[in-house]
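Just so we're on the same page, this note's numbering is the position in the sequence shown counted from 1, plus 846.
Here's the structure we're looking at; comments come further down.
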Amino acid sequence: MSNHIDHEAIENLPHLKPYYDNKRLFFRNVCCIIVSNALYTFGFGATGSLIAMHMANAHLSASKISTIFAIAGWLAIPTLLYISNLTDKWQWKWGRRLPFIAISVPAIVVALLFFSRATSFLSCLGLYLLYSLASQVRGATYPFLNNDVSKKCYWGRISGVNDLLVGSVGGWLSIIILLPLVNMYSEKVAFGASALLVGVATVVLLLFIKEPPIRSTDGPERNPIKVIGNTLKFGFSDLRNMSVFIAYALCMNAGIFQTFIALQAKVNLQMNEGQVGTHILQYGLIATVLASFFIGWSVDKLGTVKSLILGYGGMVSAAALGFNPTVSSQFLSTWINIQISPVYALAGAYLIGLSSFCLMSTAAGIFVIASVPREQMARFCACSGSVNMFTQSFFMLLIGFLITNVFGGNYGCSFLATLVLGLAGVVMFYIVNRRYHHVAQHQVVNPAPDVVNVAEK
């Protein structure tokens, strides 16, 4: 995979070279991020499923649950655009990313502590908005620490180890330990344990990591309207960027089955929270752990487009198993002459689907990130992320409507959406990649392969 931004030259600038050549600091930062991420994902990994199943227990329909997710997604867009601009240009000695992580986590903790008491549509909506928006503030900053503290040549492997391997182990522990707490004790205990782990993880990160001395040429603008307008102008003034943003959004929306998998197990297969975690969700995370090193290597060595195609092949298999696990289990039982229950058919779908989606999302994310310098990453990714969230919220509403009114309550229809959206995203990335390789071959000065070169205005 080639990149039009010369990150190696940036890393060798006089004020950055001592930082990036300090191997001891590099390993300390990476270890700190890994430990913090392990604790955070341990506490945070099961919260999405826990919240969704809590709303199902509160007798909210698929349409109402999807509406809550969609509203949160749409409101997250201006939040992401605003915070991303601030964090790229933040000038504090403490760092560009850490201050925003510090202010977001207390709100996440409060939302988790009170969510078990939400019993109506409005109370669930209010607390989920607090949880979601605070998570967006953290999500607009934390992931870029992987890139900020390391050289470009390590990005794929660090993403593979930290985001996939460590994140999956933490998520797996969350699923097999926190979700069963609901049945052993209560939802309040499960939410409380989650909040505690998230808080401890943040303290570890804030105390021990050191960010690089990267500074934007101009300071942050704090007026939200002006900031959002400038961020949109930065990302969308070059219309060629839209093809990258839309391709990224389509690939990320291919993972939409994750939102509904716990509800599919609970509502369609009549499983309780503990069973959903131990019989369904943990297997997908185990597969992701096993595949994590291959995923990082694949993106670094095979390139983004080939990795996307490989990941989509797995998504096809997942959809075949997961759309109707009762039918697929009967077919498999007849074919191999071994009795397979619908529970394990759905577990297989999640196992294959999640590991395949992780490959797709890692490839798509690096495709986008590699297209801009580090001091522009958050804003550029905020624009791609806003397109992703806007489309995802729309598809949430559409799938919720289809589940309730067309598929008779079968949450497995989300796997059909996975097939369509994933195929569209892979094809679009392939076209974009071909187009910019063609442009690169005809440029003599400042060639621009892979993705659009975005210059800050």
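Don't be surprised by glycine CBs; every beta carbon is placed ideally from N, CA and C.
- Message: If you reduce the DSSP assignment to three classes, tell me which class M934 lands in.
- Response: Before going on, a small fix: residue 934 reads as Asp here, not Met. If DSSP states are grouped into helix, strand and coil, D934 belongs with the helices.
- Query: For L1265, does the three-state DSSP call read helix, strand or coil?
  - Reply: Note: L1265 maps to helix in three-state DSSP.
- Message: Can you determine whether any heavy atom of the ligand MG sits closer than 7 Å to the C-beta of V1272, and answer yes or no?
- Response: Absent from the structure shown: the ligand MG. Ligands present: none.
- Can you tell me which of the three DSSP states W940 falls into? Three-state DSSP puts W940 in coil, outside helix and strand.
- Message: Tell me the residue span of the alpha helix (DSSP H) that contains Y1000.
- Response: Element bounds for Y1000: n/a, residue is neither H nor E.
- Task: Note the first and the last residue of the continuous alpha helix (DSSP H) segment covering K1056.
- Result: Here K1056 belongs to no alpha helix (DSSP H), and DSSP marks it neither H nor E.
- Query: So, using beta-carbon positions, are I929 and P1219 closer together than 8 Å?
  - Reply: The answer is no: Cβ separation not under 8 Å.
- Item | P1293 to G1231 span [Cα, whole Å] | Any reading at P1293 must be qualified, since the residue scores a pLDDT of 38, below 50, and its modelled position is unreliable; no value is offered.
- Message: If you reduce the DSSP assignment to three classes, tell me which class A1100 lands in.
- Response: Reduced to three states, the DSSP call for A1100 is coil.
- Buried versus exposed, by CB contacts within 10 Å (16 or more), L1043: The residue is buried, with at least 16 neighbouring Cβ atoms inside 10 Å.
- Query: By Cβ distance below 7 Å, which residues in the same chain neighbour E854 in space, the five residues on each side in sequence not counted?
  - Reply: The residues are K998.
- Task: Can you grab the Cα-Cα spacing for the pair P952 / V1050, in whole Å?
- Result: The alpha-carbon of P952 is positioned some 15 Å away from that of V1050.
- Three-state secondary structure (DSSP) of G1081: In the three-state DSSP reduction, G1081 falls in the helix class (H, G or I).
- Message: Assess contact between the segment 1139-1152 and the segment 1205-1225, defined as three or more Cβ pairs (one per stretch) separated by less than 8 Å. Is contact present?
- Response: At 8 Å Cβ cutoff, the stretches touch.
- Task: Report the rounded CA-to-CA distance for T965 versus T913, giving the unit in angstroms.
- Result: In this structure, the CA atom of T965 is about 16 Å from the CA atom of T913.
- Locate the alpha helix (DSSP H) running through Q1238, then write down its first and last residues. Segment 1223-1251, the alpha helix (DSSP H) holding Q1238.
- Out of L1197, F1091, S1032, Y865, which has the shortest C-alpha to C-alpha gap to G1120? Per the Cα distances, S1032.
- Message: Please identify the residue among N1251, A1100, W938 whose C-alpha is closest to the C-alpha of S1260.
- Response: Checked all of N1251, A1100, W938; the closest Cα to S1260 is A1100.
- Message: Given this structure, state the Cα-to-Cα distance separating F1037 from W1001, to the nearest angstrom.
- Response: Whole-angstrom Cα-Cα distance: 33 Å.
- Query: Can you tell me the Cα-Cα spacing of L1243 and A884, whole angstroms?
  - Reply: If I take the Cα positions, the gap works out to 32 Å.
- Message: So, for G1304: in the same chain, excluding its five sequence neighbours on each side, which residues have a beta-carbon less than 6 Å away from its beta-carbon?
- Response: Look at the range of the chain in this structure, 847 to 1303, and you will see that residue 1304 is not part of it.
- Task: Alpha carbon to alpha carbon, how far is L1156 from P1171? Give it in angstroms, no decimals.
- Result: One C-alpha to the other measures close to 24 Å.
- Query: Between A986 and T1048, which are expected to be in contact by the criterion C-beta below 8 Å, what is the C-beta distance as a whole number of angstroms?
  - Reply: By a beta-carbon distance limit of 8 Å, A986 does not contact T1048. Their separation comes to about 15 Å.
- Using 8 Å as the threshold, is the segment 1013-1028 in touch with the segment 878-892, meaning 3 or more CB pairs across them? Yes: the two stretches touch, three or more of their Cβ pairs being nearer than 8 Å.
- Message: Taking the alpha-carbon of V1046 as reference, which of R943, A948, Y865, V1233 has the nearest alpha-carbon?
- Response: Nearest to V1046 by alpha-carbon distance, out of R943, A948, Y865, V1233, is A948.
- Query: Given a threshold of 16 other Cβ atoms within 10 Å of its Cβ, counted over all protein chains shown, does N1183 qualify as buried or as exposed?
  - Reply: Its Cβ having fewer than 16 others within 10 Å, N1183 is exposed.
- Item | Supposed close pair L1205, I1141 - CB separation, criterion 8 Å | The pair is a contact, with the Cβ atoms about 5 Å apart (cut-off 8 Å).
- Message: If you measure between the beta carbons of I1126 and I1107, is that distance less than 8 Å?
- Response: Cβ atoms of I1126 and I1107: closer than 8 Å.
- Item | Cβ neighbours of L1269 in the same chain (closer than 8 Å, five flanking residues each side left out) | Excluding five sequence positions before and after L1269, the CB atoms of its chain that fall closer than 8 Å to its own CB belong to Y1158, given in chain order.
- Message: Beta-carbon within less than 7 Å of Q1287's beta-carbon, same chain only, minus the 5 sequence neighbours each way: which residues are those?
- Response: Reliability of the predicted coordinates at Q1287 is poor, the pLDDT of 49 falling under 50, and no value is obtained from them.
- Whole-angstrom C-beta distance between L906 and F967, which should lie under 8 Å: Right, their Cβ atoms sit about 6 Å apart.
- Item | With 16 other Cβ atoms within 10 Å as the buried cut-off, status of Q937 | Here Q937 is exposed, its C-beta having fewer than 16 other C-beta atoms within 10 Å.
- Message: Measuring only the C-alpha atoms, how far is S809 from N1251?
- Response: This structure does not reach residue 809, given that the chain is present from 847 up to 1303, and the question cannot be answered.
- In this structure, does DSSP put V1162 in helix, strand or coil? Here V1162 sits in helix by DSSP.
- Message: Helix, strand or coil for S1032? Go by DSSP, reduced to three states.
- Response: In this structure, S1032 counts as coil in the three-state DSSP scheme.
- Task: Return the chain-ordered list of same chain residues with a C-beta closer than 8 Å to the C-beta of M1030, the five sequence neighbours on each side being excluded.
- Result: Taken in chain order, the residues that qualify are G1120.
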